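**Student:** Provided herewith is a single structure, encoded as structure tokens, for subsequent inquiry.
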Amino acid sequence: MSIFHALTLGLIQGVTEFLPISSSGFLVILPELFGWPLQSVTFDAVVHLGTLAAIIHAMRSDIASAWAHQRRTFWWITAATVPVLAAGFVMELVLQVNVRSTSIVAISFVLWGIVLLLADRSAKTVSDTVQTVGWKRSLVIGLAQVIALIPGTSRSGITISAGLFGGLSRQTATTFSFLLGIPTLFVAGMYSLFEAVRNPTTEAFWPLAVGAVTAFLSCLVTVRAVRAWLDRRGTYAGLAVFRLVVGLLLFAWVL
250 MSIFHALTLG LIQGVTEFLP ISSSGFLVIL PELFGWPLQS VTFDAVVHLG TLAAIIHAMR
310 SDIASAWAHQ RRTFWWITAA TVPVLAAGFV MELVLQVNVR STSIVAISFV LWGIVLLLAD
370 RSAKTVSDTV QTVGWKRSLV IGLAQVIALI PGTSRSGITI SAGLFGGLSR QTATTFSFLL
430 GIPTLFVAGM YSLFEAVRNP TTEAFWPLAV GAVTAFLSCL VTVRAVRAWL DRRGTYAGLA
490 VFRLVVGLLL FAWVL
């Protein structure tokens, strides 16, 4: 893997992981578009851990506040994480399902772009916090997260949409989605790391380092930018339209 290749994929992972536009979708599209080989599990591990470090750093005040005032939030996040871990285990290890195709990504981009647009239009302007999410909404959001195992869906997009349909404000739905990403990214990173150790590759150090650092920095900037945008009463409509455009372009390419 070249440095440019690692830089590009690290940037894509960092920017798109917490935007509702699907990091997995772009990581399927770009190698096919440019004729790049699929990245190794070692590279997957380091960029996942890079984005994990970024989200923990960016959300550290929210994590500290929840720990100090409402520790039930951590149980809600744990409960919401269980469905995607169980489904991921079944798909990867039991059924060995491969859903990494451009056609599936295109369908997901369009379908869940429409859902995000509808969810954004239904968003409430209530004054709420993560502490008001509760068990029921946590489980619904967690079940929705299972759909994100299909490339092109977007983990953040589907969980934010579920939160908005559940009556949360954009800020709270986004904050809960970001917090929910921490255990999910941790498990994904550890699984990729385990696979890398079990099936070692001769990956050069510098592409791995560049990918991890780029993912960390771009994710950190993106998370802060999204939260600042929402604080200024921003919406997700533009990103939903972006998903639709990309999905339609992919359909044109595939057909």
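Each number in our numbering comes from the position in the sequence shown (counting from 1) with 249 added on. We treat Cβ as the ideally placed atom computed from N, Cα and C, and that holds for glycine. All figures in this text were calculated on a predicted structure; none of them were measured in a lab.
Which residue wins for smallest C-alpha separation from V495, given the options T402, V296 and L398?
**Tutor:** Here residue 495 refers to the residue found at position 246 when the sequence shown is read from its first residue. Taking only the C-alpha atoms, the option nearest V495 is T402.
**Student:** Cα separation between T257 and V296?
**Tutor:** If you number the sequence shown from 1, residue 257 lands on position 8. If you number the sequence shown from 1, residue 296 lands on position 47. Distance between the alpha carbons of T257 and V296 is about 11 angstroms.
**Student:** Taking DSSP as the reference, what is the three-state secondary structure of S418?
**Tutor:** Taking the first residue of the sequence shown as position 1, residue 418 is located at position 169. Three-state result, S418: strand.
**Student:** Alpha helix (DSSP H) containing L298: first to last residue?
**Tutor:** Position 49 of the sequence shown, counting from 1, holds the residue named residue 298. Note, L298: alpha helix (DSSP H), V290 to A307.
**Student:** Since A368 and L417 are thought to touch, with beta carbons under 8 angstroms apart, how far apart are those beta carbons, to the nearest angstrom?
**Tutor:** Translated into positions along the sequence shown, residue 368 becomes position 119. Translated into positions along the sequence shown, residue 417 becomes position 168. In fact, because the Cβ distance is near 10 angstroms, the residues do not count as touching under 8 angstroms.
**Student:** Express the C-alpha separation of A453 and L428 in angstroms, rounding to a whole number.
**Tutor:** By one-based count along the sequence shown, residue 428 stands at place 179. By one-based count along the sequence shown, residue 453 stands at place 204. L428 and A453: Cα-Cα distance of roughly 32 angstroms.
**Student:** At a cut of 8 angstroms, does the segment 349-360 reach the segment 456-475 through at least three beta carbon pairs?
**Tutor:** Taking 8 angstroms as the limit for Cβ pairs, the verdict is that the segment 456-475 does not touch the segment 349-360.
**Student:** Report yes if the C-beta distance between G406 and S251 is below 8 angstroms; otherwise report no.
**Tutor:** Numbered from its first residue, the sequence shown carries residue 406 at position 157. Numbered from its first residue, the sequence shown carries residue 251 at position 2. Contact: no.
**Student:** Residue range of the alpha helix (DSSP H) that F454 falls in?
**Tutor:** Against the sequence shown, residue 454 aligns to sequence position 205. Its alpha helix (DSSP H) spans residues F454 to D480.
**Student:** Report all residues from its chain with a CB closer than 8 angstroms to the CB of I305; omit the five preceding and five following residues, and keep chain order.
**Tutor:** Within the sequence shown, numbered from 1, the residue matching residue 305 stands at position 56. Excluding residues within five positions, the ones whose Cβ falls inside 8 angstroms are I312 and I431.
**Student:** Run through the segment 323-377 for me and flag every whole alpha helix (DSSP H) of 4 or more residues, listed as ranges in chain order.
**Tutor:** Runs of the alpha helix (DSSP H) inside the segment 323-377: 351-370.
**Student:** Could you tell me the boundaries of the alpha helix (DSSP H) in which W502 lies?
**Tutor:** Working through the sequence shown from its first residue, we reach residue 502 at position 253. Note, W502: alpha helix (DSSP H), A486 to V503.
**Student:** Among the residues of its own chain, which have a CB less than 7 angstroms from the CB of G438, if the five just before and after it don't count?
**Tutor:** Numbered from 1 along the sequence shown, position 189 holds the residue referred to as residue 438. Closer than 7 angstroms at the Cβ level, and outside the excluded window around G438, lie A294, H297, L298 and L301.
**Student:** Buried or exposed: which applies to L287, given that a residue is buried once 16 or more other Cβ atoms fall within 10 Å of its Cβ?
**Tutor:** Taking the first residue of the sequence shown as 1, we reach residue 287 at position 38. Looking at its Cβ environment, which holds fewer than 16 other Cβ atoms inside 10 Å, L287 is exposed.
**Student:** On the premise that G362 lies in contact with A489, defined as a C-beta separation below 8 angstroms, what is that separation, rounded to the nearest angstrom?
**Tutor:** One-based indexing of the sequence shown puts residue 489 at position 240. One-based indexing of the sequence shown puts residue 362 at position 113. That belief holds up - the Cβ atoms of A489 and G362 are roughly 5 angstroms apart, short of 8 angstroms.
**Student:** Keeping to the same chain, check which residues put their C-beta closer than 6 angstroms to that of V375; ignore five residues upstream and five downstream.
**Tutor:** Here residue 375 refers to the residue found at position 126 of the sequence shown. Closer than 6 angstroms at Cβ, skipping near neighbours: S418.
**Student:** Classify W285 as helix, strand or coil using the three-state DSSP reduction.
**Tutor:** Position 36 of the sequence shown holds residue 285. Three-state result, W285: coil.
**Student:** Answer yes or no: do G259 and A461 have a C-beta to C-beta separation smaller than 8 angstroms?
**Tutor:** As a working mapping, residue 259 is identified with position 10 in the sequence shown. As a working mapping, residue 461 is identified with position 212 in the sequence shown. Closer than 8 angstroms, so yes.
**Student:** Return the residue from the list F323, V472 and D480 that minimises the CA-CA distance to A307.
**Tutor:** Translated into the one-based positions of the sequence shown, residue 307 becomes position 58. For A307, the nearest C-alpha among the options comes from V472.
**Student:** Find out if the Cβ-Cβ distance for the pair A329, S387 is shorter than 8 angstroms.
**Tutor:** Locating residue 329 in the sequence shown gives position 80, counting from the first residue. Locating residue 387 in the sequence shown gives position 138, counting from the first residue. In this structure, S387 lies closer than 8 angstroms to A329 by Cβ.
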